[in-house]
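So in numbering that gives the first Met the number 0, spot 32 of the sequence shown is number 31, and the numbers just go up one at a time. Even for Gly, the Cβ is constructed at its ideal location relative to N, Cα and C.
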Amino acid sequence: MRTKARALVCLILAASSLAPVLGAERLTLAAIPKSTGGEFWETVERGARRAAQDLGVTLKWEGTVTETEIAEQNKIIENMVNLGVDGIALAPLNQRAMRRQVENAVRAGVPVVIFDSGVDGTAHSSYVATDNKAGGALGGKELARLIGKKQGARVMCMRFVQGTGSTEARAAGFIEAAKQAGLTVAADPYPDTGTIEGCKTAAANTLEKFVRNRVLELDGIFACNLYSTLGVASALEDLRKGGVKVDVKFVGFDTSRKLVEDVQAGRIDALVAQNPERMGYLAVETLYKVVKKEKVPAVIDTGTVLVTRENLENDPEIRKLVGLP
0 MRTKARALVC LILAASSLAP VLGAERLTLA AIPKSTGGEF WETVERGARR AAQDLGVTLK
60 WEGTVTETEI AEQNKIIENM VNLGVDGIAL APLNQRAMRR QVENAVRAGV PVVIFDSGVD
120 GTAHSSYVAT DNKAGGALGG KELARLIGKK QGARVMCMRF VQGTGSTEAR AAGFIEAAKQ
180 AGLTVAADPY PDTGTIEGCK TAAANTLEKF VRNRVLELDG IFACNLYSTL GVASALEDLR
240 KGGVKVDVKF VGFDTSRKLV EDVQAGRIDA LVAQNPERMG YLAVETLYKV VKKEKVPAVI
300 DTGTVLVTRE NLENDPEIRK LVGLP
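Below you can see the structure in the form of C-alpha coordinates.
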(Lines of atoms letter the chains of each structure in order from A; the text may use other names.)
(Lines give C-alpha, C1' and ligand atoms only; values in the text may rest on other atoms or scores of the structure.)
Protein backbone atom coordinates (compact mmCIF):
# COMPACT_ATOMS: atom_id res chain seq x y z
CA MET A 0 0.00 0.00 0.00
CA ARG A 1 2.87 2.34 0.98
CA THR A 2 4.58 1.52 -2.31
CA LYS A 3 1.43 2.46 -4.26
CA ALA A 4 1.06 5.69 -2.29
CA ARG A 5 4.69 6.60 -2.89
CA ALA A 6 4.26 5.90 -6.61
CA LEU A 7 1.17 8.12 -6.74
CA VAL A 8 3.03 10.96 -4.99
CA CYS A 9 5.89 10.61 -7.45
CA LEU A 10 3.45 10.81 -10.39
CA ILE A 11 1.81 13.94 -8.97
CA LEU A 12 5.19 15.59 -8.38
CA ALA A 13 6.33 14.67 -11.88
CA ALA A 14 3.14 16.10 -13.41
CA SER A 15 3.41 19.30 -11.41
CA SER A 16 7.04 19.73 -12.40
CA LEU A 17 6.06 19.35 -16.06
CA ALA A 18 3.18 21.85 -15.87
CA PRO A 19 5.31 25.02 -16.06
CA VAL A 20 7.22 23.55 -19.00
CA LEU A 21 4.04 22.69 -20.84
CA GLY A 22 2.64 26.13 -20.06
CA ALA A 23 5.80 27.76 -21.34
CA GLU A 24 5.35 25.98 -24.67
CA ARG A 25 2.12 27.83 -25.44
CA LEU A 26 2.99 30.27 -28.19
CA THR A 27 2.02 33.93 -28.13
CA LEU A 28 1.43 35.43 -31.56
CA ALA A 29 0.69 39.07 -32.36
CA ALA A 30 -1.64 40.21 -35.14
CA ILE A 31 -1.44 43.88 -36.08
CA PRO A 32 -4.20 45.05 -38.47
CA LYS A 33 -4.32 48.37 -40.29
CA SER A 34 -7.20 49.45 -38.09
CA THR A 35 -9.36 48.09 -35.28
CA GLY A 36 -12.54 49.65 -36.67
CA GLY A 37 -14.89 48.75 -39.50
CA GLU A 38 -16.57 45.57 -40.65
CA PHE A 39 -13.63 44.38 -42.76
CA TRP A 40 -11.13 44.33 -39.90
CA GLU A 41 -13.67 42.91 -37.47
CA THR A 42 -14.12 40.00 -39.88
CA VAL A 43 -10.35 39.57 -40.26
CA GLU A 44 -10.06 39.48 -36.46
CA ARG A 45 -12.75 36.82 -36.24
CA GLY A 46 -10.75 34.59 -38.58
CA ALA A 47 -7.50 35.28 -36.73
CA ARG A 48 -9.02 34.41 -33.35
CA ARG A 49 -10.58 31.24 -34.73
CA ALA A 50 -7.16 30.14 -36.00
CA ALA A 51 -5.57 30.91 -32.62
CA GLN A 52 -8.21 28.82 -30.88
CA ASP A 53 -7.79 25.92 -33.32
CA LEU A 54 -4.00 26.01 -32.92
CA GLY A 55 -3.98 26.47 -29.14
CA VAL A 56 -1.99 29.71 -29.14
CA THR A 57 -2.44 33.04 -27.40
CA LEU A 58 -3.25 35.88 -29.80
CA LYS A 59 -2.54 39.54 -29.12
CA TRP A 60 -4.65 41.64 -31.52
CA GLU A 61 -3.69 45.32 -31.51
CA GLY A 62 -3.92 47.99 -34.17
CA THR A 63 -4.32 51.69 -34.77
CA VAL A 64 -7.67 53.46 -34.78
CA THR A 65 -7.36 54.68 -38.38
CA GLU A 66 -5.39 53.53 -41.42
CA THR A 67 -3.09 56.55 -41.52
CA GLU A 68 -1.23 56.27 -38.18
CA ILE A 69 2.11 54.97 -39.47
CA ALA A 70 4.16 56.10 -36.46
CA GLU A 71 1.69 54.47 -34.08
CA GLN A 72 1.80 51.18 -35.98
CA ASN A 73 5.60 51.26 -35.78
CA LYS A 74 5.31 51.62 -32.00
CA ILE A 75 2.94 48.66 -31.79
CA ILE A 76 5.41 46.48 -33.71
CA GLU A 77 8.25 47.59 -31.41
CA ASN A 78 6.14 46.93 -28.31
CA MET A 79 5.25 43.43 -29.47
CA VAL A 80 8.93 42.63 -30.04
CA ASN A 81 9.77 43.96 -26.55
CA LEU A 82 6.97 41.84 -25.06
CA GLY A 83 8.69 38.78 -26.48
CA VAL A 84 5.94 37.48 -28.75
CA ASP A 85 6.89 34.44 -30.79
CA GLY A 86 5.82 35.95 -34.11
CA ILE A 87 4.00 38.88 -35.71
CA ALA A 88 1.35 38.93 -38.44
CA LEU A 89 1.30 42.47 -39.81
CA ALA A 90 -0.99 44.36 -42.19
CA PRO A 91 1.35 47.29 -42.97
CA LEU A 92 -0.07 50.77 -43.33
CA ASN A 93 2.60 51.79 -45.82
CA GLN A 94 4.62 49.64 -48.18
CA ARG A 95 7.86 51.58 -47.75
CA ALA A 96 7.58 53.09 -44.28
CA MET A 97 7.07 49.78 -42.46
CA ARG A 98 10.07 48.02 -43.99
CA ARG A 99 12.59 49.00 -41.30
CA GLN A 100 10.40 47.86 -38.40
CA VAL A 101 9.79 44.52 -40.10
CA GLU A 102 13.52 44.05 -40.60
CA ASN A 103 14.20 45.09 -36.98
CA ALA A 104 11.69 42.55 -35.68
CA VAL A 105 13.21 39.73 -37.72
CA ARG A 106 16.73 40.71 -36.59
CA ALA A 107 15.46 40.47 -33.01
CA GLY A 108 14.39 36.89 -33.66
CA VAL A 109 10.68 37.54 -34.20
CA PRO A 110 9.45 36.17 -37.55
CA VAL A 111 6.95 38.28 -39.47
CA VAL A 112 4.16 37.26 -41.83
CA ILE A 113 2.62 40.09 -43.86
CA PHE A 114 -1.09 40.10 -44.67
CA ASP A 115 -3.57 42.25 -46.63
CA SER A 116 -0.98 44.75 -47.95
CA GLY A 117 2.56 44.21 -49.12
CA VAL A 118 5.77 45.62 -47.67
CA ASP A 119 9.11 46.34 -49.31
CA GLY A 120 12.06 44.06 -48.64
CA THR A 121 12.44 40.32 -48.15
CA ALA A 122 12.66 39.99 -44.37
CA HIS A 123 9.12 38.63 -43.96
CA SER A 124 8.45 34.91 -44.24
CA SER A 125 5.21 34.96 -46.24
CA TYR A 126 2.60 37.28 -47.72
CA VAL A 127 -1.05 36.32 -47.15
CA ALA A 128 -3.44 38.49 -49.12
CA THR A 129 -5.82 39.01 -51.96
CA ASP A 130 -4.02 39.27 -55.29
CA ASN A 131 -4.84 42.96 -55.27
CA LYS A 132 -3.74 43.74 -58.81
CA ALA A 133 -5.86 40.86 -60.11
CA GLY A 134 -8.77 42.09 -57.98
CA GLY A 135 -8.47 45.55 -59.50
CA ALA A 136 -8.30 44.05 -62.98
CA LEU A 137 -11.45 42.04 -62.24
CA GLY A 138 -13.18 45.31 -61.34
CA GLY A 139 -11.92 46.95 -64.52
CA LYS A 140 -13.15 44.14 -66.75
CA GLU A 141 -16.55 44.11 -65.07
CA LEU A 142 -16.91 47.89 -65.42
CA ALA A 143 -16.00 47.65 -69.11
CA ARG A 144 -18.57 44.88 -69.58
CA LEU A 145 -21.25 46.98 -67.86
CA ILE A 146 -20.49 50.06 -69.97
CA GLY A 147 -20.45 48.09 -73.19
CA LYS A 148 -19.02 49.29 -76.48
CA LYS A 149 -19.61 53.00 -75.93
CA GLN A 150 -17.03 55.00 -77.85
CA GLY A 151 -14.90 57.34 -75.72
CA ALA A 152 -16.32 56.13 -72.39
CA ARG A 153 -14.80 57.96 -69.43
CA VAL A 154 -14.31 56.43 -65.99
CA MET A 155 -13.00 57.45 -62.59
CA CYS A 156 -10.83 55.43 -60.21
CA MET A 157 -11.33 56.43 -56.57
CA ARG A 158 -8.07 55.65 -54.83
CA PHE A 159 -7.26 55.40 -51.10
CA VAL A 160 -4.34 56.64 -48.98
CA GLN A 161 -1.22 57.11 -51.10
CA GLY A 162 1.42 54.47 -50.39
CA THR A 163 -1.05 51.82 -49.18
CA GLY A 164 0.18 48.72 -51.00
CA SER A 165 -3.14 46.91 -51.39
CA THR A 166 -5.13 49.81 -52.85
CA GLU A 167 -2.27 51.03 -55.03
CA ALA A 168 -2.11 47.55 -56.59
CA ARG A 169 -5.89 47.50 -57.09
CA ALA A 170 -5.80 50.88 -58.81
CA ALA A 171 -2.94 49.72 -61.04
CA GLY A 172 -4.83 46.56 -61.98
CA PHE A 173 -8.01 48.49 -62.66
CA ILE A 174 -6.35 51.19 -64.78
CA GLU A 175 -4.48 48.62 -66.85
CA ALA A 176 -7.64 46.57 -67.50
CA ALA A 177 -9.74 49.67 -68.21
CA LYS A 178 -7.27 50.98 -70.78
CA GLN A 179 -7.03 47.57 -72.45
CA ALA A 180 -10.83 47.62 -72.76
CA GLY A 181 -10.72 51.03 -74.46
CA LEU A 182 -11.92 53.09 -71.48
CA THR A 183 -10.45 56.50 -70.70
CA VAL A 184 -9.46 56.95 -67.05
CA ALA A 185 -10.45 60.59 -66.72
CA ALA A 186 -9.68 60.97 -62.99
CA ASP A 187 -8.05 58.98 -60.19
CA PRO A 188 -8.13 61.11 -57.02
CA TYR A 189 -6.67 60.31 -53.60
CA PRO A 190 -8.53 61.35 -50.44
CA ASP A 191 -6.88 63.75 -47.99
CA THR A 192 -7.66 61.41 -45.09
CA GLY A 193 -8.13 57.66 -44.84
CA THR A 194 -11.74 57.89 -43.69
CA ILE A 195 -15.14 57.50 -45.31
CA GLU A 196 -15.65 61.26 -45.06
CA GLY A 197 -12.26 61.93 -46.61
CA CYS A 198 -13.10 59.63 -49.51
CA LYS A 199 -16.54 61.18 -49.89
CA THR A 200 -15.07 64.70 -50.03
CA ALA A 201 -12.48 63.73 -52.66
CA ALA A 202 -15.12 61.90 -54.71
CA ALA A 203 -17.60 64.79 -54.49
CA ASN A 204 -14.98 67.36 -55.53
CA THR A 205 -13.96 65.24 -58.51
CA LEU A 206 -17.48 64.29 -59.60
CA GLU A 207 -18.51 67.95 -59.55
CA LYS A 208 -16.06 68.57 -62.40
CA PHE A 209 -18.02 66.14 -64.59
CA VAL A 210 -21.46 67.68 -64.00
CA ARG A 211 -22.80 69.59 -67.02
CA ASN A 212 -26.34 70.98 -67.14
CA ARG A 213 -27.26 68.92 -64.06
CA VAL A 214 -26.09 65.68 -65.68
CA LEU A 215 -23.11 63.62 -64.49
CA GLU A 216 -21.12 63.09 -67.68
CA LEU A 217 -19.17 60.08 -66.51
CA ASP A 218 -19.70 56.49 -67.62
CA GLY A 219 -18.17 54.45 -64.85
CA ILE A 220 -16.55 54.52 -61.41
CA PHE A 221 -14.29 52.04 -59.65
CA ALA A 222 -13.50 52.43 -55.94
CA CYS A 223 -10.48 50.67 -54.42
CA ASN A 224 -11.62 49.63 -50.93
CA LEU A 225 -14.42 49.71 -48.39
CA TYR A 226 -14.00 53.35 -47.35
CA SER A 227 -13.58 54.67 -50.89
CA THR A 228 -16.63 52.67 -52.05
CA LEU A 229 -18.75 53.99 -49.18
CA GLY A 230 -17.48 57.52 -49.86
CA VAL A 231 -18.33 57.38 -53.57
CA ALA A 232 -21.76 55.88 -52.84
CA SER A 233 -22.52 58.73 -50.46
CA ALA A 234 -21.26 61.38 -52.90
CA LEU A 235 -23.43 59.95 -55.70
CA GLU A 236 -26.45 59.93 -53.40
CA ASP A 237 -25.88 63.61 -52.61
CA LEU A 238 -25.77 64.40 -56.34
CA ARG A 239 -29.07 62.62 -56.88
CA LYS A 240 -30.66 64.46 -53.96
CA GLY A 241 -29.38 67.72 -55.45
CA GLY A 242 -31.24 67.08 -58.69
CA VAL A 243 -28.29 65.86 -60.78
CA LYS A 244 -29.05 63.04 -63.21
CA VAL A 245 -26.72 60.17 -62.32
CA ASP A 246 -26.52 57.31 -64.82
CA VAL A 247 -23.14 55.76 -64.09
CA LYS A 248 -21.93 52.18 -63.73
CA PHE A 249 -20.31 51.67 -60.35
CA VAL A 250 -18.04 48.84 -59.20
CA GLY A 251 -16.68 48.90 -55.66
CA PHE A 252 -14.23 46.83 -53.64
CA ASP A 253 -15.00 45.02 -50.35
CA THR A 254 -18.34 44.33 -48.75
CA SER A 255 -20.35 45.60 -45.80
CA ARG A 256 -24.01 45.44 -44.84
CA LYS A 257 -24.56 48.89 -46.39
CA LEU A 258 -22.78 48.03 -49.64
CA VAL A 259 -24.63 44.74 -50.02
CA GLU A 260 -27.90 46.63 -49.59
CA ASP A 261 -26.75 49.08 -52.28
CA VAL A 262 -26.08 46.20 -54.68
CA GLN A 263 -29.49 44.70 -53.95
CA ALA A 264 -31.10 48.10 -54.56
CA GLY A 265 -29.18 48.68 -57.82
CA ARG A 266 -27.19 51.67 -56.55
CA ILE A 267 -23.95 49.71 -56.98
CA ASP A 268 -23.58 47.35 -59.94
CA ALA A 269 -20.94 45.03 -58.50
CA LEU A 270 -18.46 44.60 -55.68
CA VAL A 271 -15.09 42.87 -55.83
CA ALA A 272 -15.23 40.86 -52.61
CA GLN A 273 -12.32 39.56 -50.60
CA ASN A 274 -12.53 36.80 -48.01
CA PRO A 275 -11.39 38.68 -44.89
CA GLU A 276 -12.16 35.89 -42.41
CA ARG A 277 -10.09 33.44 -44.44
CA MET A 278 -7.31 36.02 -44.67
CA GLY A 279 -7.20 36.44 -40.89
CA TYR A 280 -7.23 32.69 -40.34
CA LEU A 281 -4.48 31.99 -42.87
CA ALA A 282 -2.29 34.84 -41.57
CA VAL A 283 -2.23 33.33 -38.07
CA GLU A 284 -2.00 29.74 -39.32
CA THR A 285 0.92 30.63 -41.61
CA LEU A 286 2.71 32.50 -38.82
CA TYR A 287 2.26 29.48 -36.54
CA LYS A 288 3.87 27.24 -39.18
CA VAL A 289 6.77 29.68 -39.57
CA VAL A 290 7.39 29.72 -35.81
CA LYS A 291 7.29 25.90 -35.86
CA LYS A 292 9.95 25.94 -38.62
CA GLU A 293 7.58 24.50 -41.22
CA LYS A 294 7.90 25.45 -44.87
CA VAL A 295 5.30 27.95 -46.10
CA PRO A 296 4.60 29.49 -49.53
CA ALA A 297 6.11 32.91 -50.18
CA VAL A 298 2.69 34.18 -51.33
CA ILE A 299 -0.77 32.90 -50.39
CA ASP A 300 -3.68 34.29 -52.44
CA THR A 301 -6.92 34.43 -50.44
CA GLY A 302 -9.00 35.13 -53.57
CA THR A 303 -11.58 37.58 -54.91
CA VAL A 304 -15.04 37.17 -56.41
CA LEU A 305 -17.62 39.47 -57.98
CA VAL A 306 -20.78 40.15 -56.00
CA THR A 307 -23.78 41.21 -58.10
CA ARG A 308 -27.51 41.52 -57.56
CA GLU A 309 -28.01 38.30 -59.53
CA ASN A 310 -25.60 36.09 -57.60
CA LEU A 311 -26.77 37.55 -54.28
CA GLU A 312 -30.17 36.10 -55.17
CA ASN A 313 -29.02 32.78 -56.62
CA ASP A 314 -25.65 31.75 -55.17
CA PRO A 315 -25.63 30.44 -51.57
CA GLU A 316 -21.83 30.67 -51.36
CA ILE A 317 -21.89 34.37 -52.25
CA ARG A 318 -24.65 34.99 -49.72
CA LYS A 319 -22.61 33.23 -47.05
CA LEU A 320 -19.50 35.22 -47.95
CA VAL A 321 -21.27 38.56 -47.43
CA GLY A 322 -23.08 37.42 -44.30
CA LEU A 323 -26.57 36.85 -45.68
CA PRO A 324 -28.68 33.87 -44.57
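query, result
"Which listed residue (T307, N224, D300 and G62) has its alpha carbon closest to that of V262", "T307"
"Cutoff 6 Å; reference A269; Cβ partners in own chain excluding five residues on either side", "E141, V250, L305 and T307"
"Stretch pair the region 75-84 + the region 48-65: three plus CB contacts closer than 8 Å", "yes"
"Minimum C-alpha distance to N78 - residue among R95, A29 and A222", "A29"
"Cutoff 6 Å; reference N224; Cβ partners in own chain excluding five residues on either side", "F159, T166, F252 and D253"
"The region 109-127 contacting the region 144-151, beta-carbon criterion three pairs below 8 Å", "no"
"Reference N73, options I31, D187 and E38, closest by Cα", "I31"
"Backbone CA spacing between D130 and Q94 [nearest angstrom]", "15 Å"
"Beta-carbon separation (whole angstroms), V259 vs L215, contact threshold 8 Å", "24 Å between Cβ atoms; not a contact."
"Cα-Cα separation, A264 to I174", "27 Å"
"Inter-residue spacing [alpha-carbon to alpha-carbon] between T200 and A234", "8 Å"
"Buried or exposed by the 16-neighbour rule on C-beta atoms within 10 Å, applied to G242", "exposed"
"6 Å Cβ shell around E284 - same chain, five flanking residues per side excluded", "A50"
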